[in-house]
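The next block holds one structure in the form of structure tokens; read it before the comments.
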Amino acid sequence: MPVKRIETVSMAKARYARDDRNNARILKAQMAYQQALNDYNRRIQYGGASAVSQEDIQHALIAVNNSKAALDKAIQKYRRTLQADQRQL
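Okay, so the sequence shown: first residue is -17 according to my numbering, each after it adds one.
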């Protein structure tokens, strides 16, 4: 019976470590998305004054789209991991 308990503790530690990695991945992606969105909005505000080129605005929009895709991917990975953990219980 003690072997089973050690396996359970080991599994819990591994799950917590995965949760920490997933949470860090999501937080990093959220921050990158927010930064890209802020940059894009700032460029749009100044774009009317012709201080920012259309190319710069387009690059900022691409950065927003890419960072949103990365955030979505991080969330999907978290959900898959969570589902896998629940199946093991």
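Glycine included, C-beta positions come from ideal geometry on N, C-alpha and C.
**Request:** May I ask you to report which of helix, strand or coil DSSP gives V34?
**Result:** As a working mapping, residue 34 is identified with position 52 in the sequence shown. Of the three classes helix, strand and coil, the one that applies to V34 here is coil, per DSSP.
**Asked** Pairing CB atoms from the stretch 32 to 41 with CB atoms from the stretch 1 to 16, are three or more of them under 8 Å?
**Response** Three or more Cβ pairs closer than 8 Å define a contact, and the stretch 32 to 41 falls short of that threshold against the stretch 1 to 16.
**Message:** Could you check whether the stretch -11 to -3 touches the stretch 47 to 62, counting it as contact only if at least three pairs of C-beta atoms, one from each stretch, sit closer than 8 Å?
**Reply:** Because the criterion of three Cβ pairs below 8 Å is not met, the stretch -11 to -3 and the stretch 47 to 62 do not touch.
**Message:** Considering only their Cβ atoms, is the gap separating A11 from S49 smaller than 9 Å?
**Reply:** For this step, residue 49 is matched to residue 67 along the sequence shown. For this step, residue 11 is matched to residue 29 along the sequence shown. Contact flag set, yes.
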